[in-house]
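Asks: Below is the structure I would like to discuss, written out as structure tokens.
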Amino acid sequence: MHNDPITAEVMEISRQLDDAARISIGFPGASDIDYRPLTELLTKPINNIGDPYTGSDVPNNTLKQERQVVELLADLFRAPADDRWGYVTSGGTESNAAALTIARSLYPDAVCYYSDSAHYSLDKIRRQLALPAVRIRSTSRGEIDYDDLRTQLGLRRDRPAIVIATIGTTMTEAVDDVGRITAILDDLAIRDRFVHADAALAGIPLALLDPTDRPGIDFADGADSMCISGHKFLAAPSPCSVVITKASHRARAAQPVGYIGSLDTTIGGSRSGHAPLILWYALNTLRIDGLRARAERTRGLAGHVCDQLRHLGWEAYRQPNAFTVVLRTPPDAVRSRWAMASHRGWSHVIPMPGTPIASINDFLEDMASAIRAGDGQQLALAGSTR
Ligand SMILES: *Cc1c(COP(=O)(O)O)cnc(C)c1O
Numbered sequence: 156m157h158n159d160p161i162t163a164e165v166m167e168i169s170r171q172l173d174d175a176a177r178i179s180i181g182f183p184g185a186s187d188i189d190y191r192p193l194t195e196l197l198t199k200p201i202n203n204i205g206d207p208y209t210g211s212d213v214p215n216n217t218l219k220q221e222r223q224v225v226e227l228l229a230d231l232f233r234a235p236a237d238d239r240w241g242y243v244t245s246g247g248t249e250s251n252a253a254a255l256t257i258a259r260s261l262y263p264d265a266v267c268y269y270s271d272s273a274h275y276s277l278d279k280i281r282r283q284l285a286l287p288a289v290r291i292r293s294t295s296r297g298e299i300d301y302d303d304l305r306t307q308l309g310l311r312r313d314r315p316a317i318v319i320a321t322i323g324t325t326m327t328e329a330v331d332d333v334g335r336i337t338a339i340l341d342d343l344a345i346r347d348r349f350v351h352a353d354a355a356l357a358g359i360p361l362a363l364l365d366p367t368d369r370p371g372i373d374f375a376d377g378a379d380s381m382c383i384s385g386h387k388f389l390a391a392p393s394p395c396s397v398v399i400t401k402a403s404h405r406a407r408a409a410q411p412v413g414y415i416g417s418l419d420t421t422i423g424g425s426r427s428g429h430a431p432l433i434l435w436y437a438l439n440t441l442r443i444d445g446l447r448a449r450a451e452r453t454r455g456l457a458g459h460v461c462d463q464l465r466h467l468g469w470e471a472y473r474q475p476n477a478f479t480v481v482l483r484t485p486p487d488a489v490r491s492r493w494a495m496a497s498h499r500g501w502s503h504v505i506p507m508p509g510t511p512i513a514s515i516n517d518f519l520e521d522m523a524s525a526i527r528a529g530d531g532q533q534l535a536l537a538g539s540t541r
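Just so it is clear: in the sequence shown, position 236 is 391 by my numbering, and no numbers are missing.
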């Protein structure tokens with residue numbers, strides 16, 4: 156059996172994935188958590204069909220661990236202790252869809268507001284939900300323009316508002332301040348409102364800071380729902396995400412379903428029972444201190460990358476507390492060797508827990524050689540900013 160073609164291909168895929176991990180410095184997936192203690196469980200069928208808070212008739216479930224994941228994150232995000240609900244979804248897109256579905260059922264004639272740096276899934280979701288949307292300007296570094304938000308909300312004060320704050324935009328990891336957004340809604344006396352914080356990447360790392368040292372991101376700052384990705388900071392090997400909202404919001408959207416003995420509150424029907432286990436394992440083994448130490452180490456590495464690029468004369472910046480280092484798009488010779496996203500002349504490198512230091516060093520070496528070779532149109536421009 157050892158030399159059969161399937162086994163050979165499995166080994167080849169494994170090698171390809173190792174190679175991919177070495178060059179993936181521009182995508183925010185952590186990879187440092189050893190999930191092998193769960194291997195035995197990952198071979199068993201599990202189905203978390205239904206609502207984790209009402210249980211289901213399907214016995215092979217991990218709904219208890221799923222609830223614990225929601226509760227741990229609800230604590231971290233300061234959701235009211237007696238008014239919280241959520242579930243583990245298939246990814247950030249489903250989490251955003253779940254949050255907006257609830258928001259829309261609360262306010263069927265709402266207008267939805269989000270910045271032009273928000274995640275691309277929102278356009279699709281709000282079209283599927285037939286929600287009218289107004290795109291708000293964002294600053295050159297990707298944060299929502301609060302003046303434009305105020306103006307646009309002010310033009311429709313008679314309509315309920317669903318505002319989506321991005322906690323860590325895809326390109327620059329900019330954070331839309333939920334506290335400032337809430338203050339604007341208060342000022343305009345818009346009481347029928349729902350604020351969703353799309354905190355896929357930066358939600359957990361920012362929540363581990365003292366709330367006075369970071370922008371508003373969570374329930375205590377005014378959010379009605381939040382989501383985080385499992386395959387980003389928490390290093391889940393397969394995409395997954397968690398959506399959290401207030402149980403009181405959720406209650407109005409629930410449809411009872413007899414067949415599974417649960418409430419049909421989730422977008423998916425049959426749902427992964429392995430993903431909640433993975434997140435449960437990460438949160439319970441690392442705990443708050445371990446998560447915080449990982450975030451701090453990663454910020455240190457990101458700061459190092461940013462400093463080194465500037466030393467080389469290459470324009471680069473970081474938002475406060477971000478992992479993402481935004482840099483002028485590297486010369487082609489460098490770009491072709493590394494997997495990184497680029498947009499309108501800017502690229503980003505995102506050190507994450509588990510990003511090999513050797514990869515970071517090799518990338519900086521590549522940049523240094525390319526710059527020495529005078530190989531990049533940005534050179535003069537970058538030089539002038541020193
Ligand atoms: C990663 C991300 C998402 C979601 O992504 P999926 O690919 O659906 O998991 C949503 N919003 C933001 C801000 C993200 O960074």
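Even for Gly, the Cβ is constructed at its ideal location relative to N, Cα and C.
1) Which runs of the beta strand (DSSP E), 3 residues or longer, sit entirely within the segment 425-507?
2) Would F349 pass as a contact of Y262 if the rule is Cβ separation under 8 Å?
3) Do you know offhand how far D521's Cα is from A402's?
4) Which full runs of the beta strand (DSSP E) of 3+ residues lie inside the segment 230-309, going along the chain?
5) Please classify G428 as buried or exposed, where buried requires at least 16 other C-beta atoms within 10 Å of its C-beta.
6) Flag N251 as yes when its Cβ comes closer than 7 Å to any non-hydrogen atom of ligand 1, and as no otherwise.
7) Is the beta carbon of R290 closer than 8 Å to that of S270?
8) Is K387 a contact residue of ligand 1, with contact defined as CB to any heavy atom under 7 Å?
9) Check the C-beta distance from A391 over to I433 and give it rounded, since I have them as a contact under 8 Å.
10) Return the chain-ordered list of same chain residues with a C-beta closer than 8 Å to the C-beta of H498, the five sequence neighbours on each side being excluded.
11) So for N203, helix, strand or coil by DSSP?
12) Which residue wins for smallest C-alpha separation from R490, given the options S524, D230, A338 and I339?
13) Taking 8 Å as the cut-off, decide whether the C-beta atoms of R259 and A252 are in contact.
14) Whose C-alpha, out of T324, Q463, E221 and R335, is nearest the C-alpha of L304?
15) Taking 7 Å as the cut-off, is the beta-carbon of P394 closer than that to any non-hydrogen atom of ligand 1?
16) Since A176 is in the beta strand (DSSP E), which residue starts that stretch and which ends it?
17) Cα-Cα, which of N476, G184, G247 and L464 is closest to N516?
18) Return the CA-CA distance between D313 and L343, expressed in angstroms with no decimal places.
19) Should D373 be counted as a contact of ligand 1 given a C-beta to heavy atom distance under 7 Å?
20) Throw me the rounded Cβ distance for the E470 and R483 pair, which I believe falls under 8 Å.
21) Taking 8 Å as the cut-off, decide whether the C-beta atoms of G365 and V333 are in contact.
22) Here's the rule: buried if 16 or more other CB atoms are within 10 angstroms of the residue's CB, otherwise exposed. What is I161?
23) Can you look up H386 in the DSSP assignment and give me helix, strand or coil?
24) Which two residues bound the contiguous alpha helix (DSSP H) that contains D342?
25) What does the alpha-carbon distance come out to for the pair W493 and I178?
26) Cβ atoms of A185 and K387: under 8 Å apart, would you say?
27) Any heavy atom of ligand 1 inside 7 Å of the beta-carbon of T321?
28) Is R527 buried or exposed, if buried means 16 or more other CB atoms sit within 10 Å of its CB?
29) Ordered along the chain, which non-local residues of its own chain (more than five positions away) have a Cβ less than 7 Å from that of S539?
30) Where does S186 fall in DSSP's three states?
31) Can you tell me which of Y242, N476 and P486 puts its alpha carbon nearest to the alpha carbon of R405?
32) Please tell me whether, using a cut-off of 7 Å, the distance from the CB of G246 to the nearest non-hydrogen atom of ligand 1 is below it.
33) Using beta-carbon positions only, say whether M381 and I359 come within less than 8 Å of one another.
34) Based on the DSSP secondary-structure assignment, which residues constitute the bridge partners of F349?
35) Near Y472, which residues of its chain fall below 6 Å by C-beta distance, leaving aside the five closest residues on each side in sequence?
36) Check whether the Cβ of L467 lies closer than 7 Å to any heavy atom of ligand 1, and answer yes or no.
Replies: So, from the data block:
1) 480-483 and 501-504
2) yes
3) 51 Å
4) 240-244, 266-270 and 288-291
5) buried
6) At least one heavy atom of ligand 1 falls within 7 Å of the beta-carbon of N251.
7) yes
8) yes
9) Right, their Cβ atoms sit about 5 Å apart.
10) M326
11) coil
12) S524
13) no
14) R335
15) yes
16) Note, A176: premise wrong, no beta strand (DSSP E); alpha helix (DSSP H) at P160 to I178.
17) L464
18) The alpha-carbon atoms of D313 and L343 are separated by roughly 10 Å.
19) no
20) 5 Å
21) Position check: residue 365 holds Asp in this sequence, whereas Gly was assumed. Contact flag unset, no.
22) Counting Cβ neighbours within 10 Å, I161 comes out exposed, since fewer than 16 surround it.
23) coil
24) Per DSSP, D342 belongs to the alpha helix (DSSP H) from V333 to D342.
25) 5 Å
26) yes
27) yes
28) exposed
29) Low confidence applies here, because S539 scores a pLDDT of 39, under 50, leaving its location unreliable; read the following figure in that light. Excluding the 5 residues flanking it on each side, S539 has no same chain C-beta neighbour closer than 7 Å.
30) coil
31) Minimum Cα distance to R405 is reached at Y242.
32) yes
33) For M381 and I359, no; Cβs fall outside 8 Å.
34) I317
35) V481
36) no
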